[in-house]
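Enquirer: Numbering (my numbering), first residue to last: 88 to 388.
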Ligand SMILES: NC(=O)c1ccc[n+]([C@@H]2O[C@H](COP(=O)([O-])OP(=O)(O)OC[C@H]3O[C@@H](n4cnc5c(N)ncnc54)[C@H](OP(=O)(O)O)[C@@H]3O)[C@@H](O)[C@H]2O)c1
């Protein structure tokens, strides 16, 4: 007898209206995994890219499929070979089909004291990405990092981790997010016309990250003087400029352990801009797709 649960699912690739809240079989923790009763799931641009079928050539999935990578919740099954976590523990991590009442995680960490489930669901993939690309671009303490698209999920993590490491950040974001960037310790300017000149006035750039995919790779190479000093996570055309596209995820468990220390020490906090119920998944995807999230969007279960 298999238990049943509610999950967000889609049976064809397409727009937000293909998302449905359906009755589904509960998943179970396999070896090396835990199952959680999901309290919140992070909304990532990755989720609507999968829904649109953007990864079918490189990472094909079968339909119907669930949605979501990131989640927080209460452990209720522990898979074979898993140590250091028990039923009832509050964890945040990465898995699959997390817009659901139950989900299986393949990487997780215990939630830091004082963090809500809603906040915790926003961290996993953005802190893994932020730590990965700061490492790959090779920026060091005392240097200056330019971050294009700095106010979203990944940007919010990059800015705060860079500050801890003694790296000066110049961030670009919309007019409404200038004070938000300054509050995270960055120098800020908008991405409107003339942004290259304004960045130059703020300082000399040693390395740059393209987080928005807004067609600025050429300018980032000019500002750093070296394509090896630029990384993009959002522009597949980056290699045409000799610039690396970073797409292969690193260790989420290590990233979460580092993030948990920073969160506990008051050095990392990513705000939740808006929460949605599972029934509002389409609205969450429409808002994420608009590309102007400050911090994170989450589904609350
Ligand atoms: N390759 C990987 O491993 C990987 C991992 C994670 C994410 N990603 C991709 O990276 C991108 C960012 O992810 P995210 O979670 O940070 O997204 P997000 O939370 O939606 O943030 C998007 C950000 O882009 C900014 N923005 C919008 N238009 C811009 C423009 N023309 N110039 C500069 N900035 C602009 C927005 O700032 P304002 O609101 O202030 O306008 C917002 O802060 C997405 O495309 C995602 O798919 C890739």
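Heads up, the beta-carbon is just placed ideally off N, CA and C, and yes, glycines get one too.
1) Would you decide whether residue 115 is buried or exposed? Buried here means 16 or more other CB atoms lie within 10 Å of its CB.
2) Would you say the beta carbon of residue 324 is closer than 7 Å to some non-hydrogen atom of ligand 1?
3) Distance check for residue 238 and residue 125, CA to CA, integer angstroms please.
4) Please list, in chain order, all residues of the same chain as residue 140 whose beta carbon is under 6 Å from its beta carbon, the five residues on each side excluded.
5) In whole angstroms, what separates the C-alpha of residue 259 from that of residue 223?
6) Could you check if residue 211 belongs to the surroundings of ligand 1, using beta carbon to heavy atom distance under 7 Å?
7) Sort 178, 188, 172 by Cα distance to residue 113 and report the nearest one.
8) With a threshold of 16 other CB atoms inside 10 Å of the CB of residue 368, please say whether the residue is buried or exposed.
9) Is DSSP giving residue 97 helix, strand or coil here?
10) Below 7 Å, is the gap between the Cβ of residue 278 and the nearest heavy atom of ligand 1?
11) Return the bridge partner residues of residue 361 from the DSSP annotation.
12) Since residue 298 and residue 235 should fall inside the 8 Å C-beta cutoff, what is the C-beta to C-beta distance between them, to a whole number of angstroms?
13) Could you check whether the Cβ of residue 261 sits closer than 7 Å to any heavy atom belonging to ligand 1?
14) Does ligand 1 have even one heavy atom less than 7 Å from the beta-carbon of residue 218?
15) Can you grab the Cα-Cα spacing for the pair residue 215 / residue 338, in whole Å?
16) Could you check what DSSP says for residue 112 in three-state terms: helix, strand or coil?
Expert: The short version:
1) Within the chain shown, numbered from 1, the residue matching residue 115 stands at position 28. Counting of Cβ neighbours within 10 angstroms places residue 115 among the exposed residues, the total staying below 16.
2) Looking up residue 324 in the chain shown gives position 237. Shortest gap from the CB of residue 324 to any heavy atom of ligand 1: 7 Å or more.
3) The residue given as residue 125 occupies position 38 in the chain shown. The residue given as residue 238 occupies position 151 in the chain shown. Whole-angstrom Cα-Cα distance: 27 Å.
4) Counting from one through the chain shown, the residue named residue 140 turns up at place 53. Only 100 meet the Cβ criterion.
5) Position 172 of the chain shown holds residue 259. Position 136 of the chain shown holds residue 223. Take the alpha-carbon of residue 259 and the one of residue 223: they are about 20 Å apart.
6) The sequence position of residue 211 within the chain shown is 124, counting from 1. Not under cutoff, so the answer is no.
7) Reading the chain shown from its first residue, position 26 is the one you call residue 113. Measuring from the Cα of residue 113, the nearest candidate turns out to be 188.
8) The residue you call residue 368 lines up with position 281 of the chain shown. So residue 368 ends up on the buried side.
9) Here residue 97 refers to the residue found at position 10 of the chain shown. In this structure, residue 97 counts as strand in the three-state DSSP scheme.
10) By one-based count along the chain shown, residue 278 stands at place 191. Between ligand 1 and the CB of residue 278, the shortest heavy atom gap is smaller than 7 Å.
11) As a working mapping, residue 361 is identified with position 274 in the chain shown. Residue 361 is bridged to 384.
12) In the chain shown, residue 298 corresponds to position 211, counting from 1. In the chain shown, residue 235 corresponds to position 148, counting from 1. With 8 Å as the limit, residue 298 and residue 235 qualify as a contact, their Cβ atoms being about 6 Å apart.
13) If you number the chain shown from 1, residue 261 lands on position 174. It does: the Cβ of residue 261 is within 7 Å (strictly closer) of some heavy atom of ligand 1.
14) Counting from 1 along the chain shown, the entry for residue 218 is found at position 131. Every heavy atom of ligand 1 is 7 Å or more from the Cβ of residue 218, so no.
15) For the purposes of this step, residue 215 is identified with residue 128 of the chain shown, where counting begins at 1. For the purposes of this step, residue 338 is identified with residue 251 of the chain shown, where counting begins at 1. Cα to Cα, the separation comes out at about 7 Å.
16) Here residue 112 corresponds to residue number 25 of the chain shown, with the count starting at 1. In the structure shown, residue 112 falls within a strand segment according to DSSP collapsed to helix, strand and coil.
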